């Protein structure tokens with residue numbers, strides 16, 4: 078009977094497993110460094126909008142929920158979640174269709190560069206849930222009971238019919254760039270947090286005056302988002318990013 082492990086030991090030496098694991102770890106660290114370096118290089122274009130000042134959050138608790146489709150289309154999701162977390166924002170992550178399990182969702186965020194405590198994020202399995210049930214679960218897990226302090230960013234149509242208007246939903250539109258359809262999530266985390274931290278009366282005035290943040294429109298209780306300018310290579314950047322994240326997750 079042929080023993081592959083024994084054959085490899087004879088060929089490569091008794092410590093071949095440890096050496097392979099060490100080399101794999103080295104290559105993954107190189108890949109992680111490359112992802113980080115690329116983020117630094119494209120930040121000015123892909124993540125240019127600053128988060129609101131910490132003073133805007135004082136005295137209140139806010140929850141920002143991100144769906145898996147948006148996270149997969151926003152290279153800086155993990156970075157912005159981590160920054161907002163240090164300001165007291167409760168982050169929620171809605172998975173269930175692409176990332177099937179909570180473990181999948183956790184490994185994705187870790188591979189994407191989230192370097193905080195994953196237990197601080199509230200993971201919500203949205204599969205089969207109606208929109209109002211998703212909102213209720215965000216409120217329950219985050220502890221944020223004031224609905225206007227809950228923001229949700231989702232891809233166009235991702236959460237089904239919007240049946241309640243109290244939470245602030247930012248529905249991110251899809252665009253086709255060079256024949257590739259993408260969710261236009263650039264700067265959407267910052268945009269949503271800015272809207273959630275804006276007092277209700279001021280936000281109503283901004284709606285009435287047509288003075289919403291760049292790229293945001295309002296339609297029957299839903300804020301819709303489409304950046305006015307999209308980089309022509311957005312689809313290519315996302316494809317490269319997805320492939321790198323898959324390799325990091327596979328090696329974990």
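Residue numbers (this note's numbering): 78 to 329.
Here a beta-carbon is modelled for each residue, glycine too, at the ideal position from N, C-alpha and C.
Since the model is a prediction, treat every value here as computed from it, not as a measurement.
Can you find the residues in the same chain that come closer than 8 angstroms, C-beta to C-beta, to residue 319, ignoring five residues on each side of it along the sequence? Numbered from 1 along the chain shown, position 242 holds the residue referred to as residue 319. So the qualifying residues of the chain are 149.
Count the other CB atoms within 10 Å of the CB of residue 130; is the residue buried (16 or more) or exposed (fewer)? Numbered from its first residue, the chain shown carries residue 130 at position 53. Exposed is the call here.
Over what stretch of residues does the alpha helix (DSSP H) that includes residue 135 continue unbroken? If you number the chain shown from 1, residue 135 lands on position 58. Counting along the chain, residue 135 falls outside any alpha helix (DSSP H), and DSSP gives it neither H nor E.
Put residue 147 into one of helix, strand or coil per three-state DSSP. The count along the chain shown starts at 1 and reaches residue 147 at position 70. Residue 147: helix per DSSP, three-state reduction.
Starting from residue 318 and walking both ways along the alpha helix (DSSP H), at which residues does that stretch end? As a position in the chain shown, residue 318 is number 241, starting the count at 1. That run of the alpha helix (DSSP H) goes 311–328.
With burial defined as no fewer than 16 other Cβ atoms inside 10 Å of the residue's Cβ, what is the status of residue 146: buried or exposed? Within the chain shown, numbered from 1, the residue matching residue 146 stands at position 69. Of the residues assessed, residue 146 falls on the buried side of the cut-off, its CB having 16 or more other CB atoms within 10 angstroms.
When the Cα atoms are used, what is the spatial distance from residue 330 to residue 325? Outside the shown range of the chain (78 to 329) lies residue 330, about which nothing can therefore be said.
Just to confirm the assignment, what range does the alpha helix (DSSP H) spanning residue 265 have? The residue labelled residue 265 in the question sits at position 188 within the chain shown. From DSSP, the alpha helix (DSSP H) with residue 265 extends over 265–273.
Just mark residue 79 as buried or exposed, buried being the case when its beta carbon has 16 or more other beta carbons within 10 Å. Taking the chain shown and counting its residues from 1, one reaches residue 79 at position 2. The pLDDT assigned to residue 79 is 49, lower than 50, so where the model puts this residue is not dependable, and the model offers no usable value.
Inter-residue Cα distance where the pair is residue 265 and residue 160: Here residue 265 corresponds to residue number 188 of the chain shown, with the count starting at 1. Here residue 160 corresponds to residue number 83 of the chain shown, with the count starting at 1. So the alpha carbons of these two residues sit roughly 14 angstroms apart.
CB residue 239 to CB residue 312, shorter than 7 angstroms? Here residue 239 is taken as the residue at index 162 of the chain shown, counted from 1. Here residue 312 is taken as the residue at index 235 of the chain shown, counted from 1. Not in contact: residue 239 and residue 312 (Cβ atoms no closer than 7 angstroms).
What are the start and end residues of each continuous alpha helix (DSSP H) run of 4 or more residues lying completely inside the region 188–248, in chain order? 208–219
Environment of residue 291 [buried if 16+ CB atoms lie within 10 Å]: Looking up residue 291 in the chain shown gives position 214. Residue 291 comes out exposed.
Just curious, the beta strand (DSSP E) that residue 282 is in, first and last residue? Within the chain shown, numbered from 1, the residue matching residue 282 stands at position 205. Membership of residue 282 in any beta strand (DSSP E) is not indicated; the residue belongs instead to the alpha helix (DSSP H) covering 277–286.
Is the CB-CB distance between residue 236 and residue 208 below 7 angstroms? Taking the first residue of the chain shown as 1, we reach residue 236 at position 159. Taking the first residue of the chain shown as 1, we reach residue 208 at position 131. The Cβ atoms of residue 236 and residue 208 lie closer than 7 angstroms to each other.
Compute the Euclidean distance between the alpha carbons of residue 274 and residue 162, then round it to the nearest angstrom. Sequence index remark: in the chain shown, residue 274 carries index 197 (1-based). Sequence index remark: in the chain shown, residue 162 carries index 85 (1-based). Distance between the alpha carbons of residue 274 and residue 162 is about 14 angstroms.
Secondary structure at residue 122, three-state DSSP: helix, strand or coil? Start at 1 with the first residue of the chain shown, and residue 122 comes out as number 45. Helix at residue 122.
Which same chain residues, not among the five before or five after residue 195, have their C-beta less than 6 angstroms away from its C-beta? Mapped onto the chain shown, residue 195 falls at position 118. These residues qualify, in order along the chain: 183.
Excluding the five sequence neighbours on either side, which residues of its own chain have a C-beta within less than 7 angstroms of the C-beta of residue 109, listed in chain order? Numbered from 1 along the chain shown, position 32 holds the residue referred to as residue 109. Closer than 7 angstroms at the Cβ level, and outside the excluded window around residue 109, lie 325.
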